[in-house]
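See structure below.
There are 2 protein chains.
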Amino acid sequence: MQDNAVKVSPDDARIDDARMEFIEALGFLVEGIRWMPRMVGRVLGCLLVADGPLTQAELRDQLDASLGAVSTATRTLLDKRFALRVGIPGSRQTGLIIHPDAWRNMEEDGISGVQSYANLALHTLQELEDEDSPATANLRKMNAYFVEVEQRMREILQWFDEQKKLEQ
Amino acid sequence: MQDNAVKVSPDDARIDDARMEFIEALGFLVEGIRWMPRMVGRVLGCLLVADGPLTQAELRDQLDASLGAVSTATRTLLDKRFALRVGIPGSRQTGLIIHPDAWRNMEEDGISGVQSYANLALHTLQELEDEDSPATANLRKMNAYFVEVEQRMREILQWFDEQKKLEQ
DNA sequence: CTTAATTTTCAGAAATTACTGAAACTATAT
DNA sequence: ATATAGTTTCAGTAATTTCTGAAAATTAAG
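Protein sequences, first through last, are from chains A and B.
Counting with our numbering, you get residues 910 to 1077 for the letters of the first sequence.
Counting with our numbering, you get residues 910 to 1077 for the letters of the second sequence.
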């Protein structure tokens, strides 16, 4: 039927536009994170809106980038446990998918950064031998804040674990 | 008394070392944030371990940096509401101190970043017209995560407000 | 083992970032 | 009003980042 063929194509195109917009927008957001080039965000975006594993060659085609850039971005996502490799039986290709725990892993990694700030303040407080000055008051406030943030981040990890339980 | 004079001086030196270490360490931590040069962290560090307002000239001396770099870092800290200007009566100098709500302001700013991620996922979901695919499942998980984080960050703002009430 | 598809690594180029030092600007004390 | 201490801006430079494209390495099928 002609009607059908005419109708489906534009729909598909619109969906592709939405996905491409998402990929580029995520690229910009991720670029706002240190040591996260835009390409990392774009590859992450591709994995998020893909309906199955993607090879690096497919990512290169979708993003019109070099294989080198895709490989580097892929490594970053694997290192950060945002992406996962999956084998494709009967093929020497390696598929990439979004890690099932990508966001939980992101949260987990964030905790160590927050701890660095908390520990730095605490360590300096100890060096200053608890004298009572504006400086030590500042450091105590700094430490209290980052300890509080860490606590909340741990609660988010628990939230993930409860979610997972509910799914099963 | 000689004993006193001999004893106090090394103590002071040790304290200064501790402060300088703090300043440099915070420089490195802050350098880990996009669009935050190390100098911003160092100036922030100076303000945190200072026992009173500092002028830009004093910051330059402590950090052995150029006035230009100090001025730019100062502007960044003022824009982000990490630092506050205080007038010094009878002087044309402007003092800089750590903002009393520095960490609360940091948290507040962080929320808009998290919202960007949540909104991007939601917007793309709407564009994809709630089809039921792996892609939309990914986007729903992404949105749920960032909404959850936003909620926790708002709780931290409340925690700050409660703290402030207790202080008074 | 050989071959071919795929991935990684790396040199070089382009773009960006962050500093210095000097000149321009601002504001206050006299 | 003037002089001067203090601050900002900006051109130039050094360092860093991120990409491309090609060569090297890896891996699995035949």
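No residue lacks a Cβ here, since even glycine has one placed at the ideal position from N, Cα and C.
None of these values were measured; they are calculated from a predicted model.
- In this structure, GLN1024/B and GLU1059/B form a Cβ contact; the two beta carbons are roughly 6 Å apart against a cut-off of 8 Å.
- Cα atoms of PHE991/A and LEU972/A: separation of roughly 18 Å, rounded to the nearest angstrom.
- The CB of ALA992/B never comes closer than 9 Å to any CB in chain A; the least such distance is about 12 Å.
- For VAL958/B, a Cβ of chain A is located within less than 8 Å of the residue's own Cβ.
- By the criterion of a C-beta distance shorter than 7 Å, LEU986/A is surrounded in its chain by VAL949, VAL952, LEU953 and ALA992, once the five residues flanking it on both sides are discounted.
- Following the DSSP letters along the chain, one finds ARG994/A inside the beta strand (DSSP E) bounded by residues 992-996.
- Residues of chain B whose Cβ lies closer than 9 Å to the Cβ of SER1021/A do not exist; the shortest such Cβ separation is about 11 Å.
- Residue-level contact by beta carbon fails for ASN1014/A and chain B, as no gap is shorter than 8 Å.
- GLY950/B is not bridged by DSSP to any residue.
- Rounded to whole angstroms, GLU933/B and ASP926/B show a C-alpha spacing of 11 Å.
- With a cutoff of 8 Å on beta-carbon distance, GLN965/A and THR983/A are scored as near each other.
- Within 8 Å of the CB of ALA927/B, the CB atoms of chain A belong to THR1033, GLU1036 and LEU1037, in sequence order along the chain.
- According to the DSSP assignment, LEU1005/A belongs to the beta strand (DSSP E) that extends over 1003-1007.
- Scanning chain A for C-beta atoms nearer than 8 Å to the C-beta of PRO1043/B yields ALA959, ASP960 and GLY961, reported in chain order.
- Counting other Cβ atoms within 10 Å of its Cβ, TRP944/A stays below 16 and is therefore classed as exposed.
- PHE1055/B counts as buried, since no fewer than 16 other beta carbons sit within 10 angstroms of its beta carbon.
- For ASN1047/B, the closest Cβ of chain A is nearer than 8 Å.
- In the DSSP assignment, GLU1071/A falls within the alpha helix (DSSP H) that extends over 1043-1076.
- Within chain A, the C-beta atoms nearer than 7 Å to that of VAL1058/B come from ILE1065, in chain order.
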